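Input: a single structure, listed below in structure tokens.
Residue numbers (the numbering used here): 8 to 392.
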């Protein structure tokens, strides 16, 4: 009985660190490095292109092939109009063209015959077998035949031009998507009569999206490269930029950046437009976003990977791997994130210095003082989602 009591007391006195194996984590050293100061700006997403796909010809709507939310590729059919009237006009013109082509062939034959008669009478005049009056009559016949032929050829060209225009109008009755995009609104239904210029649908482009950020005007000169005549020439390395979508932990790399030379009078801000890759269609125009943009001069700062920073409400902290008496423990160290750039967070921390190791993987469920085992790499199952 005494042994059982002593064993129970020993279990109670045993620290938690002895009851559970140390957590496996990956840690990297914090580094002091020279970086350009960044400023956080906010904005929203806009489509690269947005517009109404309109009718070029008026007529009855036969079919609208898409509805709101549908994705379309450039050249896909969006709507079709009734082509019967235009096709009837084209058939009529083609019949007229056939008659004119027959007249052209007739006048070509008449011209050839008139020229043969003229040559024959020229020889007869030279041998005094025909009069000059008859020769002049044959000359006139050639001129008339030539004029008639040219007149019918011009008519043939005019009819061909009218047929080509009708074919263009017929082609325009099939409305196609002008670019890759998504349908956001449908304006008409089959059976309705649509006027030229009236929209079938409204669509926004896909594949890329623009983040329009409002930057305070005091940073204007810090973003303009040497030649200020180029409004879109920026002193920004897009590889260092990323855009964060509000309400999620996802960030998107920037493909290109440009400045719009237009300062808002009230807010005293100017737009900075960052183009993002949206190949998977996860981004939607209108979403709120923010980004850290480089401003000011370069200076030495303390940096850690973004994955090392844990946020809880308004509190920010990292876990520092501290070794004492052969045991490595995770010590919670409060930090203040000054700005972010690329994969790094620039921080201010009282209990963290250059070279101190901070946990970047496996820190989701750590508690301060918990024993840890630091490894060079983590298995897929232990990585952050």
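Cβ atoms here follow ideal geometry from the backbone N, Cα and C, with glycine treated the same way. Treat the numbers as computed from the prediction; the structure is a model and nothing was measured.
Nearest-angstrom Cα distance between residue i and residue j?
| i | j | result |
| --- | --- | --- |
| residue 6 | residue 301 | What is shown of the chain runs 8 to 392, which leaves residue 6 out entirely. |
| residue 53 | residue 87 | 29 Å |
| residue 307 | residue 328 | 23 Å |
| residue 235 | residue 37 | The predicted model places residue 235 with a pLDDT of 38, which falls under 50 and marks its position as unreliable; any figure quoted below should be read in that light. Straight-line Cα distance between these residues: approximately 38 Å. |
| residue 325 | residue 340 | 5 Å |
| residue 344 | residue 366 | 16 Å |
| residue 208 | residue 181 | 14 Å |
| residue 46 | residue 223 | 10 Å |
| residue 89 | residue 66 | 6 Å |
| residue 136 | residue 126 | 13 Å |
| residue 402 | residue 203 | Here the chain has residues from 8 to 392 only, and residue 402 is not among them. |
| residue 313 | residue 30 | 21 Å |
| residue 360 | residue 39 | 8 Å |
| residue 217 | residue 74 | 24 Å |
| residue 169 | residue 63 | 17 Å |
| residue 59 | residue 210 | 6 Å |
| residue 114 | residue 96 | 27 Å |
| residue 80 | residue 376 | 56 Å |
| residue 215 | residue 282 | 7 Å |
| residue 85 | residue 48 | 39 Å |
| residue 28 | residue 383 | 18 Å |
| residue 92 | residue 271 | 52 Å |
| residue 311 | residue 305 | 17 Å |
| residue 258 | residue 44 | 19 Å |
| residue 227 | residue 70 | 51 Å |
| residue 233 | residue 268 | Note that residue 233 scores 36 on pLDDT, short of 50, meaning its location in the model is unreliable; the coordinates nonetheless yield the value given after this. For residue 233 and residue 268, the distance between alpha carbons rounds to 16 Å. |
| residue 140 | residue 157 | 26 Å |
| residue 322 | residue 372 | 16 Å |
| residue 320 | residue 342 | 13 Å |
| residue 389 | residue 32 | Its pLDDT being 41, under 50, residue 389 is placed unreliably by the model, and nothing is read from it. |
| residue 153 | residue 94 | 34 Å |
| residue 225 | residue 50 | 17 Å |
| residue 183 | residue 83 | 5 Å |
| residue 350 | residue 299 | 12 Å |
In terms of residue numbering, what span does the beta strand (DSSP E) encompassing residue i cover?
| i | result |
| --- | --- |
| residue 167 | Run containing residue 167: none in the beta strand (DSSP E); it sits in the alpha helix (DSSP H), 139-179. |
| residue 31 | 30-36 |
| residue 269 | From DSSP, residue 269 is part of no beta strand (DSSP E); its letter is neither H nor E. |
| residue 68 | 66-71 |
| residue 378 | 377-382 |
| residue 61 | 57-61 |
Around the Cβ of residue i, are there at least 16 other Cβ atoms within 10 angstroms (buried) or fewer (exposed)?
| i | result |
| --- | --- |
| residue 309 | buried |
| residue 264 | buried |
| residue 150 | exposed |
| residue 303 | exposed |
| residue 331 | exposed |
| residue 284 | exposed |
| residue 315 | buried |
| residue 238 | Residue placement at residue 238 is poorly supported in this model, since its pLDDT is 41, which falls under 50; the coordinates still yield a value, given next. Looking at its Cβ environment, which holds fewer than 16 other Cβ atoms inside 10 Å, residue 238 is exposed. |
| residue 42 | buried |
| residue 76 | exposed |
| residue 212 | buried |
| residue 250 | buried |
| residue 161 | exposed |
| residue 248 | buried |
| residue 193 | buried |
| residue 260 | exposed |
| residue 116 | exposed |
| residue 287 | exposed |
| residue 188 | buried |
| residue 200 | exposed |
| residue 190 | buried |
| residue 175 | exposed |
Going by DSSP, what residues sit across from residue i in a beta bridge?
| i | result |
| --- | --- |
| residue 283 | 216 and 261 |
| residue 277 | 222 |
| residue 190 | 210 |
| residue 228 | Beta-bridge pairing links residue 228 to no other residue. |
| residue 78 | 189 |
| residue 84 | 183 |
| residue 49 | 221 and 297 |
| residue 364 | 36 |
| residue 54 | 216 |
| residue 250 | 259 and 298 |
| residue 196 | DSSP, once it has assigned bridges, lists no residue as partnering residue 196. |
| residue 371 | Paired residues: none, contrary to the question. |
Output the boundary residues of the alpha helix (DSSP H) element that contains residue i.
| i | result |
| --- | --- |
| residue 117 | 91-133 |
Scan the stretch 289-358 and note each continuous beta strand (DSSP E) run of 3 residues or more that stays entirely inside, going in chain order.
-> 295-312, 317-319, 322-331, 334-341, 343-348 and 351-355
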